Amino acid sequence: MKDIKIYYGSSTGTTQEIAGRIADKLGLGKDCIKDVSNLTKEDAEKADVLLLGSSTWGSGDLQDDWYSGMDTLKTANLDGKVIALFGCGDSQSFGDTFCSALGNIYNALKDSGATFVGFMPTDGYDYSDSEAVINGQFVGLALDESNEPEKTDERIDKWMSELKLYL
Ligand SMILES: Cc1cc2nc3c(=O)[nH]c(=O)nc-3n(C[C@H](O)[C@H](O)[C@H](O)COP(=O)(O)O)c2cc1C
Numbered sequence: 005m006k007d008i009k010i011y012y013g014s015s016t017g018t019t020q021e022i023a024g025r026i027a028d029k030l031g032l033g034k035d036c037i038k039d040v041s042n043l044t045k046e047d048a049e050k051a052d053v054l055l056l057g058s059s060t061w062g063s064g065d066l067q068d069d070w071y072s073g074m075d076t077l078k079t080a081n082l083d084g085k086v087i088a089l090f091g092c093g094d095s096q097s098f099g100d101t102f103c104s105a106l107g108n109i110y111n112a113l114k115d116s117g118a119t120f121v122g123f124m125p126t127d128g129y130d131y132s133d134s135e136a137v138i139n140g141q142f143v144g145l146a147l148d149e150s151n152e153p154e155k156t157d158e159r160i161d162k163w164m165s166e167l168k169l170y171l
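In our numbering, the protein residues as written are 5 to 171.
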């Protein structure tokens with residue numbers, strides 16, 4: 005198996021918990037999961053696959069810890085790496101910026117030389133707008149633990165089946 009690292013930014017623990025669930029489902033140990041505030045350039049460059057998770061705050065913004073994390077990642081050589089995105093939002097209270105942080109990360113790193121995988125259909129979601137939707141698909145795994153927690157496991161499994169080829 006390749007070297008897979010999961011970096012998450014999470015203010016109230018929701019995305020952190022999801023990072024743990026993803027690691028469990030992939031059979032990865034806890035040492036693969038890191039808070040993005042601890043991200044180093046060297047660590048990111050060692051990985052083959054980066055699973056990057058952020059909740060969305062403000063009005064479609066990255067989770068706070070991602071600002072420094074993104075600055076670090078932008079200095080790293082990501083050429084040839086595989087990146088997949090996941091994140092939590094609230095499609096009812098913030099329906100016009102639902103999970104937009106994923107779009108933020110994608111736009112910041114799309115020209116980095118990394119290959120983005122794990123794009124997901126928007127079917128079954130109830131939101132009005134999202135920067136995470138590009139060419140009609142979410143650029144990663146969008147989750148809504150506030151309103152649709154019962155859909156989370158199935159959504160993670162579908163996303164992971166998209167990633168399987170690259171892990
Ligand atoms: C002040 C505030 C702003 C938020 N802004 C958004 C938003 O723009 N889009 C969205 O999808 N969710 C938004 N959310 C919902 C959070 O992303 C959601 O509760 C998420 O599960 C938090 O995950 P975390 O605990 O990992 O940070 C917001 C929540 C709060 C309290």
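Each residue gets a CB set at the ideal place from its N, CA and C atoms; glycine is no exception.
In this text, all values refer to a predicted model and were calculated from it rather than measured experimentally.
State the Cα-Cα distance for the pair residue i and residue j, rounded to the nearest angstrom.
i: K9; j: A48; result: 8 angstroms
i: G13; j: L30; result: 20 angstroms
i: T76; j: S63; result: 23 angstroms
i: T16; j: K34; result: 19 angstroms
i: Q20; j: S95; result: 19 angstroms
i: I160; j: E46; result: 28 angstroms
Any idea what DSSP makes of residue i, helix, strand or coil?
i: L66; result: strand
i: K6; result: coil
i: G73; result: helix
Do you know whose CA, among the options, lies nearest residue i's CA?
i: Y170; options: E154, N81, A88 and K45; result: A88
i: Q67; options: K50, D157, T18 and I138; result: T18
i: W70; options: D83, D39, G84 and K85; result: D39
i: P153; options: V121, L113 and Y129; result: Y129
i: D148; options: D7, K50, S58 and A51; result: S58
Compute every distance between the C-beta of residue i and the non-hydrogen atoms of ligand 2, then say whether any falls below 8 angstroms.
i: S59; result: Absent from the structure shown: ligand 2. Ligands present: ligand 1.
Assuming residue i and residue j form a contact by the criterion Cβ under 8 angstroms, report the distance between their Cβ atoms to the nearest whole angstrom.
i: V86; j: V121; result: 6 angstroms
Exercise for the section: Report the residue ranges of all alpha helix (DSSP H) runs contained in full by the stretch 24-64; include only those spanning at least 4 residues, in chain order. Expected result: 45-50
Handout entry: Inside the stretch 85-169 only - beta strand (DSSP E) runs reaching at least 3 residues
Key = 86-92, 119-121 and 145-147
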